[in-house]
Amino acid sequence: MIELKNVDVTFQDGKKTVKAVRDVSITVEKGDIYGIVGYSGAGKSTLVRTINLLQRPTSGSVIVDKQELSALPPKALRTARKKIGMIFQHFNLMRARTVAGNVAYPLRKSGLSKKEVNAKIDELLELVGLADKKHTYPSQLSGGQKQRVAIARALANDPEVLLCDEATSALDPKTTSSILELLKRLNKQLSLTIVIITHEMQVVKEICNKVAVMDDGKVVEKGDLVSLFTAPKEALTHEFIDTATHIHQALEKIRKHPTLLDLSADDVLANITYVGESTSTPLIASLYAQFGVTTNILYGNVEILQQTPVGNLIVVLSGERRQREKAVAYLESNNVKVNTIDSDQTVVSIKNRKVS
Amino acid sequence: MINWFETYFENALRIQPEILNSIWETLYMVGTTAILSGVLGIILGIILVVTETQGILENRRVYDFLERSVNAFRSVPFIIMLALIAPITRLLVGTSIGTTAAIVPLVVGTVPFYSRQVQNALLEVDKGIVEAAEAMGSSPLEIIIRVYLKEGLPSIIRVSSVTIINLIGLTAMAGAIGAGGLGNLAIARGYNRFQTDVTIVATVAILIIVMISQVIGNYLVRKTSH
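Keeping their order, the protein sequence lines are chains A and B.
Mapping the first sequence onto our numbering, position 350 (from 1) lands on 350, and the numbers just tick up by one.
Quick note: to get our numbering, add 1000 to the position in the second sequence (first position is 1).
Next up, the structure:
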């Protein structure tokens, strides 16, 4: 649906040359909800703007719906843009127009009669749940409502693609999840392809099926959500995942409370991660039954990513060293990843130290 | 009351038709100049906004040229402008004296000021809205009309009312070159012939015109802001 090939964007700021996007290639399939995460200044907003050519790439090609956009003359480009909806962090609604006026804005010259436009507005407002606000001005709406109007407006020309530039960053958590719910529904109902730019891993976790992580203009890691979440390769990806699972904060908390972490020689602090089916087997119980190792759960977190449960536990494993190692090996053989955590705060993977 | 007025406004009462005529002349100069400068100023203001760096029709050369011309013209004191462009006025209207002739310098004096005001008013339009319009496939002309002018309307009205008040001041000055109007009345009669009551009447008339345009302006701003 969307193909970015070796996209580079370079800005000339006086004598300084700023490379905002470097050699990014991304393929978004029809029906994907594709998340692009990164800290501010990573170049994500610039990247998303190349998809509808609000930002012309310095080099590389942008193909949307089999059309090479950078090759189009202005008029054809404008026609192509009508099929690419976009919503923004600050909603960008027109203050001088009512909700209906905003939604009707992109419908001029669409060949629809006045009556048809009106019916379309009603249909779109119904879709985003704002049918009763038709004649209200944006200044009287809440942030979430404004974003819903923006979504309705972006969908006016029945686009195949919706670009979301930090669309939930100005909203509170509750409103954020309601907007994400709406996007998820639109993705299913209209088989809408969605590209989401965000700095919040929470958002990605909630609705994306694919993710790309950006840093300093480059995509450092990309893949489907579950595998990226469970087996991140890059340090930055790790960092973002931590922000979503709160494992990092939990560890900090545990470390700061000595009472929680009263380890004896036979105790070891570990982070246990499991994906999918292993969730349903009573592993912890078998650790005690088989190896005599007790497990004290200090923190637990389960995410459902694309219908796949992903669990994260911080535990204290207590037992004689050999037994403990056997227990860990048993867990690993059940596709459960175990990371022991040293008290001097470094995380050591013992995955390679399997005991036969 | 009538007696008191007759005592203190003796001259003013005597030349009632002349006062009415002066009011009419002022209104005529203000009205015509406002329409001409309005059109020119809005066009130039728009060009300044769309051609600046990051504008929707970025064009450094056009922008620099306009920007500098506006600054240069704004720097010339109006009373000098009157004299300076007298030859051009004569070329355009055949004479450099009179109400109609005054319109030429008035327009030249008002357009730079007004286009700068319009530029500032349009720059208040959220860049994000312009970007959203571009993303929706709007052409530059469509963005100018349906976004800049529509969204910037309350600000444009506000600066227009400021400009008109400014312009009323200029018409009074144009009186110095025989343009007629209330300014001329106050100077030629009131000041030169020591008829202070005429000056007062002319001042009050100008104040009323200013106040009315302010009230109308404020009303329209309120009406168009949402």
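We put the CB at the ideal spot given by N, CA and C, even for glycine.
Just so you know, these numbers come straight off a predicted model, no measurement behind them.
Distance from the CA of Glu1018 (chain B) to the CA of Glu1010 (chain B), rounded to the nearest whole angstrom, comes to 14 Å. At the C-beta level, Pro159 (chain A) and Ile207 (chain A) stay beyond 7 Å of one another.
Secondary structure at Thr294 (chain A): strand, using DSSP grouped into helix, strand and coil. Residues of the stretch 113-144 of chain A with a Cβ closer than 7 Å to any Cβ of chain B, in chain order: Tyr137, Ser139. Contact annotation for Phe88 (chain A) against chain B: Gly1128, Glu1131, Ala1132, Ala1135 [CB-CB distance below 9 Å, chain order]. Pairing Ala270 (chain A) with Gln67 (chain A), the inter-Cα distance amounts to about 51 Å.
Assignment of Pro309 (chain A) by DSSP, reduced to helix, strand and coil, places it in the strand class. Taking 9 Å as the Cβ-Cβ cut-off, the stretch 1148-1179 of chain B approaches chain A at Lys1150, Glu1151, Gly1152, Leu1153, Pro1154, given in chain order. Of the candidates A:Val302, A:Val338, A:Thr295, A:Val213, the residue whose Cα lies closest to the Cα of Val24 (chain A) is A:Val213. Per the coordinates, the alpha-carbon of Leu1092 (chain B) lies some 14 Å from the alpha-carbon of Leu1082 (chain B). At a cut-off of 7 Å between beta-carbon atoms, Ala76 (chain A) makes no contact with chain B. Chain-order list of chain A residues neighbouring Ser1139 (chain B): Pro74, Lys75, Arg78, by C-beta distance under 9 Å. Contacts between Tyr34 (chain A) and chain B, judged by CB atoms closer than 8 Å, are missing: the closest CB pair is about 18 Å apart.
Beta-bridge partners assigned by DSSP to Cys164 (chain A): A:Ile87, A:Ile196. Using a Cβ-Cβ cut-off of 7 Å, Asn92 (chain A) counts as an interface residue toward chain B, since at least one Cβ of chain B sits closer than that to its own. In the three-state reduction of the DSSP assignment, Asp215 (chain A) falls in the strand class, which pools E and B.
Between the beta-carbon of Ile241 (chain A) and that of Tyr34 (chain A) there is about 17 Å, and that puts the pair past the 8 Å contact cut.
With its beta carbon less than 7 Å from one in chain B, Leu54 (chain A) belongs to the interface. Of the candidates B:Ala1132, B:Lys1150, B:Thr1099, B:Gln1214, B:Thr1099 places its Cα closest to the Cα of Gly1183 (chain B). In the three-state reduction of the DSSP assignment, Val48 (chain A) falls in the helix class.
Nearest in C-alpha terms to Val1062 (chain B), of all of B:Ser1075, B:Gly1175, B:Ile1079, B:Leu1044, is B:Leu1044.
For Thr230 (chain A), same chain residues with a beta-carbon under 7 Å away, outside a window of 5 residues either side, are Thr273, Val275, Val310 in chain order. For Pro57 (chain A), there are no C-beta contacts with chain B under 9 Å, since the nearest C-beta of that chain is about 16 Å from it. Of the residues assessed, Leu4 (chain A) falls on the buried side of the cut-off, its CB having 16 or more other CB atoms within 10 angstroms.
Residues of chain B whose Cβ lies closer than 7 Å to the Cβ of Arg95 (chain A) are, in chain order, Glu1151, His1226. Closest in alpha carbon position to Lys210 (chain A), among A:Ala20, A:Tyr288, A:Thr27, A:Leu112, is A:Thr27. Your pair Ile1056 (chain B) and Ile1143 (chain B) checks out as a contact, with CB atoms roughly 6 Å apart and the cut at 8 Å. With a 10 Å radius around the Cβ and a threshold of 16 neighbouring Cβ atoms, Asn52 (chain A) comes out buried. Taking a beta-carbon distance threshold of 7 Å, Pro106 (chain A) counts as an interface residue toward chain B. At a cut-off of 7 Å between beta-carbon atoms, Lys82 (chain A) makes contact with chain B.
Secondary structure of Ile1129 (chain B) (DSSP, three-state): helix. Per the Cβ contact rule, the stretch 1188-1204 of chain B is not in contact with the stretch 1127-1141 of chain B (fewer than 3 Cβ pairs under 8 Å). Beyond the five residues adjoining it in sequence on each side, Val18 (chain A) comes within less than 6 Å, by CB distance, of Phe11 in the same chain, given in chain order. Put simply, the backbone Cα of Ile2 (chain A) is about 13 Å away from that of Gly60 (chain A).
Taken through DSSP and simplified to helix, strand or coil, Arg1014 (chain B) comes out as helix.
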